[in-house]
Structure formats: C-alpha cells, structure tokens
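Visitor:
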Amino acid sequence: MWHKRWFQFAILMILAFIWGSSFILMKIGLESFSSYQAAALRIFMASLVLLPIAIRQIRILKLKDLKSLLIAGFIGSFFPAFMFMEAETRIDSSVAGILNSLTPVFTLIIGLLFHRMMFRWSQFAGLSMGLASATGLILAGDGFQPGSVNSYALLIVLATCFYAISINQIKSNLPHLTGLQVISFSFLFIGPVALIYLLTTD
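Under the numbering used here, read the sequence shown as residues 7 to 208, first letter to last.
1. DSSP on residue 96, reduced to helix/strand/coil?
2. So what's residue 39 in DSSP terms, helix, strand or just coil?
3. Looking at the structure shown, is residue 83 part of a helix, part of a strand, or coil, going by DSSP?
4. So, at 6 Å on beta carbons, what are the nonlocal neighbours of residue 187 in its own chain, with the 5 sequence-adjacent residues on each side left out?
5. According to DSSP, simplified to helix, strand and coil, what is residue 156?
6. If I measure Cβ to Cβ from residue 33 and keep anything under 7 Å in the same chain, skipping five residues before and after, which residues do I get?
7. Please report the distance separating the alpha-carbon of residue 15 from that of residue 22.
8. With residue 110 as the anchor, note down where its alpha helix (DSSP H) starts and where it stops.
9. For residue 197, tell me which candidate among 182, 208 and 54 has the shortest Cα-Cα distance.
10. Of the choices 87, 109, 8 and 68, whose alpha-carbon is the least far from that of residue 173?
11. Where does residue 208 sit, in a helix, a strand or coil, going by DSSP?
12. Nearest chain D C-beta to residue 67 closer than 8 Å, yes or no?
13. On the premise that residue 56 lies in contact with residue 193, defined as a C-beta separation below 8 Å, what is that separation, rounded to the nearest angstrom?
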C-alpha cells in the first residue's frame, strides 16, 4: 500500500491539512488561554499521547543520545511552541504558516556551516527565494504597511532557526533512531517541564 503513488499522495494531502490547520488552531486557542499557557498545553498534551510509545521503547535509550534528544526536545519543540504562540498574538495565522516555510532554508544554511552538508545550486536558488519572500513579510509590519518591521514575525524566524538546529542535530547524531522514537523520547523530557509551568498559572 505504501508503495502506491495514489496512497502516498493521499497521505501527503492529509498531513498538509493537519499541518496547515495547526496555525488556525493556535489562533483559536488564544481566545481562551494566554500564549504561554496555550504553548505549554500543546507540549503537555502531545507528551501524553507519545508517553506510551516512549515507555515501550525506553530500553533502547542510550546515555550518549541524551544531549541530542534534549536539543531536539527543547530547541526543536519546546521553545518554538512558545515563540509561535506569542507571535500569533500579533500576526495572522496565514503569515505564520508562510514564515514557517523558512525551516528548510535555515536547515540548509546550518547544515552547510556546521555539518558539512553538500548542496546543489537548485537548493541555493530555492533558499534565496525563501529568504526574499520571508523578508518581504517581515518588513510589511502590522497591516502590511511598508517601512515598518513586524518584530513578532521575527519570533517565527527564530523558531524556524531552532527547528533547523534540531533537524541537523537529529540527522547527524541520531540516525539510528526512527522519527517516532526521537519525538517520543524528546517529549518525555519536555512534557514534565510544560506541566510544571502550567501548574504555576491559573
């Protein structure tokens, strides 16, 4: 089934819908919670869903993987969640989704600078287009008025940079773990931190 083109395309469309709707759902969450509460709730609920998987796979967890898993957890999920939620208090969810596409741009840059990643000129062309588009959105400011800088958009740019650091860390140091193992183990560490924060709020 997984080798059939139509099935792969269907799964891609479903994932795109889920991914795209997350930015709208963040906006809806802000109607009831503060940005930090909503971010912590997202992290904590995700950790609860992934907890059974992490427990079932815990025997393969090695001490040498701990540093990379902490980076994947905090740099790749925890801090970006708070940055995105805070940014969405002042920018549209559609803009947040577009700026999130900077992730592959920063992944390539960080890979080239720190991980000796090879690249093709077509990737460089795509990188340049992504940077130009994101720069235009950031400079547009609130209400897309030329001449101003939307500082909240810069939070998402920083979050995508964090994503890129995490992706390169996983690719370089955790190739022996599956994606599900990496995410479940990393959330095993950040879930309790999110819960502790939630317990300090109303």
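Where a beta carbon is used, it is the ideal one built from N, C-alpha and C, also for glycine.
Guide: So, from the data block:
1. The count along the sequence shown starts at 1 and reaches residue 96 at position 90. Coil.
2. Your numbering for residue 39 matches position 33 in the sequence shown. Here residue 39 sits in coil by DSSP.
3. Position 77 of the sequence shown, counted from the start, is the residue given in the question as residue 83. Three-state DSSP puts residue 83 in a helix.
4. Position 181 of the sequence shown, counted from the first residue, corresponds to residue 187. Closer than 6 Å at the Cβ level, and outside the excluded window around residue 187, lie 63.
5. Numbered from its first residue, the sequence shown carries residue 156 at position 150. If DSSP states are grouped into helix, strand and coil, residue 156 belongs with coil.
6. Residue numbering aside, residue 33 sits at position 27 when the sequence shown is read from its first letter. 94 and 99, listed in sequence order.
7. Counting from 1 along the sequence shown, the entry for residue 15 is found at position 9. Counting from 1 along the sequence shown, the entry for residue 22 is found at position 16. When rounded, the distance between both Cα atoms is 10 Å.
8. Against the sequence shown, residue 110 aligns to sequence position 104. Taken as a continuous stretch (DSSP letters only), the alpha helix (DSSP H) holding residue 110 covers 109-120.
9. Locating residue 197 in the sequence shown gives position 191, counting from the first residue. With distances taken between Cα atoms, residue 197 lies closest to 54.
10. Your numbering for residue 173 matches position 167 in the sequence shown. Nearest C-alpha to residue 173: 109.
11. Your numbering for residue 208 matches position 202 in the sequence shown. Note: residue 208 maps to coil in three-state DSSP.
12. The displayed structure is made up of one protein chain only, and chain D is not part of it.
13. Within the sequence shown, residue 193 is the residue found at index 187, counting from 1. Within the sequence shown, residue 56 is the residue found at index 50, counting from 1. Rounded, the Cβ-Cβ distance is 5 Å, consistent with contact.
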